[in-house]
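First up is the structure itself, then whatever we jot down about it.
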Amino acid sequence: MGFDLEELRAAVAAHGRVTRVVIAAIRGSSPREVGAAMLVWETGQSGTIGGGTLEFQAAKAARSTPSTGVSHHALGPDLGQCCGGAVTLLTEVYDAAALAALDADVIARATDGPAIMPMSVRRVLAGARAQGMAPAPQLLDGWMIEPVHRPTRPIWIWGAGHVGRALVQVLAPLPDLAITWVDTAATRFPETLAPGVTSVSAAKPAALVPHAPTDAEHLILTYSHTLDLELCHRLLGHEFAFAGLIGSKTKWARFRSRLAALGHAGGRIADITCPIGDPSLGKHPQMIAIGVAAALMRSDQTRHAKKDVSA
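Rendered as structure tokens:
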């Protein structure tokens, strides 16, 4: 979670003036976490601070009286919400000039506190820099601290056919994903790509494998079994966090045999997951995409749980 500067820039470019509402602090239960934000403009909005009456009223206020300020809300009967906690919202209005003044790494600014940065805020920022880590979003002594959001999870999608397009549609809105989408020709991609998605056309896609980060997760779903096999072969000679192949058990049995003939050990071949997703959901492209996305989210939660235990 962080300040999505690119999303805000795109919204300002499209709508001129945009109000950003962010959850600055919570007490007790809340529908969203500190740092969750939404953008509001005259004719629309994006993002969410949890939905319900709180979001409706915050969006209405942002349109009717767009101004910078802090507000406090009890999530009880008065709002028609039963979370039982309370949230503090920070509302800020941005245009092109205001965007130009923002820092590229961490955005720390006064809300209802002193104009000069307090020592407590300086310590948080200095500690984060010393550890090479982004500070957590937080409201501290009248100052709001938010790291600029940068996708940290590289996903490489090989193939821009029906399933590839469905998969990108499902994954692109999710936070922290840096999606690289590869196919043999630029014409195979949609005319407009979602933010965070980079398309790469290459006559020989498998030649790009060495350029993928070693912690990338790969989803192979091209139009060609020959290309699928070559990608599996190249990936087995390259480090990866995950590699998944679309296909049936029969296809995977043939691929295992061919990969073994290419010199790959059985244990290493087993590092590729096939089929991907949840076959019980069905074979429609969107069904496959939902199953694959759910599996990726579960694997991410598992990795985070292992890190927490080891820490």
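Oh and the sequence shown: position 153 is 1455 in our numbering, straight run, nothing missing. In this text, a Cβ means the ideal position worked out from N, Cα and C, and glycines have one as well. Given the structure is predicted, the values throughout are model-derived calculations rather than measurements.
Since residue i and residue j should fall inside the 8 Å C-beta cutoff, what is the C-beta to C-beta distance between them, to a whole number of angstroms?
i, j, result
"T1393", "G1415", "In fact, because the Cβ distance is near 16 Å, the residues do not count as touching under 8 Å."
"I1351", "R1334", "5 Å"
"H1520", "G1546", "7 Å"
"P1456", "I1447", "That pair is no contact at about 26 Å."
"V1342", "V1320", "7 Å"
"L1495", "A1595", "Actually they do not touch by this definition, with Cβ atoms about 18 Å apart."
"A1430", "A1436", "6 Å"
"V1465", "I1548", "6 Å"
When you compare the CB positions of residue i and residue j, do they come within less than 8 Å of one another, or not?
i, j, result
"L1307", "L1441", "no"
"G1346", "D1397", "no"
"G1463", "G1387", "no"
"L1538", "L1561", "yes"
"L1391", "A1360", "yes"
"S1332", "L1377", "yes"
"V1389", "H1375", "yes"
"V1450", "G1337", "no"
"H1540", "P1581", "no"
Can you find a CB in chain B that lies within less than 8 Å of the CB of residue i?
i, result
"L1401", "Here chain B cannot be found, since the structure has a single protein chain."
Looking at C-alpha atoms only, which residue of the options is the closest neighbour of residue i?
i, options, result
"A1312", "I1325, S1348, A1562 and T1489", "S1348"
"D1407", "A1480, L1476, A1545 and P1453", "P1453"
"D1485", "S1526, A1360 and A1496", "S1526"
"A1488", "A1436, G1461, L1377 and R1536", "G1461"
"S1503", "A1545, W1483 and L1476", "W1483"
"Q1588", "V1470, T1575 and R1600", "V1470"
"I1571", "A1514, S1601, L1533 and T1494", "L1533"
"A1480", "P1515, K1551, G1579 and K1506", "P1515"
"G1444", "T1500, A1339, S1369 and M1419", "M1419"
"P1477", "L1598, S1501 and P1577", "L1598"
"C1576", "A1430, T1528 and R1556", "R1556"
"G1568", "L1583, H1535 and T1367", "H1535"
"K1553", "L1564, A1543 and T1528", "T1528"
"A1315", "P1581, T1367, A1399 and A1410", "A1399"
"I1459", "T1500, Q1433, A1432 and R1424", "T1500"
"P1507", "T1524, A1518 and D1517", "T1524"
"E1344", "T1367, G1565 and G1354", "T1367"
"S1373", "G1565, A1326, Q1433 and D1517", "A1326"
"A1543", "D1517, A1505 and S1550", "D1517"
"G1584", "R1558, S1559, S1550 and A1563", "S1550"
"T1413", "I1590, S1369, G1579 and G1354", "S1369"
Give a single yes or no on whether residue i has its beta carbon closer than 7 Å to a heavy atom of the ligand SAM.
i, result
"W1343", "In the structure shown, the ligand SAM is absent, as is every other ligand, since no ligand is present at all."
Applying the 10 Å Cβ sphere with the 16-neighbour rule, what's the burial state of residue i?
i, result
"L1310", "buried"
"G1593", "buried"
"R1467", "buried"
"F1358", "exposed"
"I1328", "buried"
"D1691", "Only positions 1303 to 1613 of the chain appear in this structure, which leaves residue 1691 out of reach."
"I1522", "buried"
"A1613", "Residue placement at A1613 is flagged as unreliable, the pLDDT there being 49, under the threshold of 50; the coordinate-derived value follows with that caveat. The residue is exposed, with fewer than 16 neighbouring Cβ atoms inside 10 Å."
"R1600", "exposed"
"P1492", "exposed"
"R1322", "buried"
"A1417", "exposed"
"V1611", "Per-residue confidence for V1611 stands at a pLDDT of 49, beneath the threshold of 50, marking its modelled position as unreliable; the derived number appears in the next sentence. Looking at its Cβ environment, which holds fewer than 16 other Cβ atoms inside 10 Å, V1611 is exposed."
"L1565", "Sequence check: residue 1565 is Gly here, not Leu. By the neighbour-count rule (16 or more Cβ atoms within 10 Å), G1565 is not buried but exposed."
"A1432", "exposed"
"A1505", "exposed"
"G1434", "exposed"
"G1353", "exposed"
"L1356", "buried"
"G1579", "buried"
"A1563", "exposed"
* Asked: What residue ranges within the segment 1405-1442 form continuous beta strand (DSSP E) runs of no fewer than 3 residues, ordered along the chain?
  -> 1408-1412 and 1440-1442
* Complete runs of the alpha helix (DSSP H) confined to the segment 1491-1572 [at least 4 residues] -> 1527-1538, 1551-1563 and 1568-1571
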